[in-house]
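Novice: Would you mind keeping the following structure in view while I ask a few things?
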Amino acid sequence: MTRKIILEKLQEIIREKDALKNVILNEQTSLKDDLGVDSIELTEFIINVEDSFNLSIPDEDVEGLTRIGDLIDYLLERLEK
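In the UniProt record's numbering, the protein residues as written are 1 to 81.
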């Protein structure tokens, strides 16, 4: 899976929220600062990512995933295993 495909999938997940339908993601997009997600929305987003990519992301790993690029790096690493 490529970075571009992962970014496109993340874009689809983000757009499921009505308030974020018109958001365009890039690797520098901050989940909290740019998207304005709170801790509950972040948890929902991570659950949707886990479901979409068929993997589990431990809570301690989520803390380091502040930007979309961080999440893409993390997913690429996990999907290679």
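C-beta atoms are modelled at their ideal positions from N, C-alpha and C, and glycine is treated no differently. Just so you know, these numbers come straight off a predicted model, no measurement behind them.
Would I68 pass as a contact of E27 if the rule is Cβ separation under 7 Å?
Specialist: yes
Novice: Entirely within the UniProt domain "Carrier" (1 to 79) and at least 4 residues each: give me those alpha helix (DSSP H) ranges in chain order.
Specialist: 3 to 14, 39 to 53, 59 to 62
Novice: Taking all protein chains shown into account, do 16 or more other C-beta atoms lie within 10 angstroms of the C-beta of L25, making it buried, or fewer, making it exposed?
Specialist: buried
Novice: Using CA atoms only, rank isn't needed, just tell me which of N22, L10, I5, L31 is closest to L65.
Specialist: L31
Novice: Taking the alpha-carbon positions, what's the I57 to I46 distance?
Specialist: When rounded, the distance between both Cα atoms is 8 Å.
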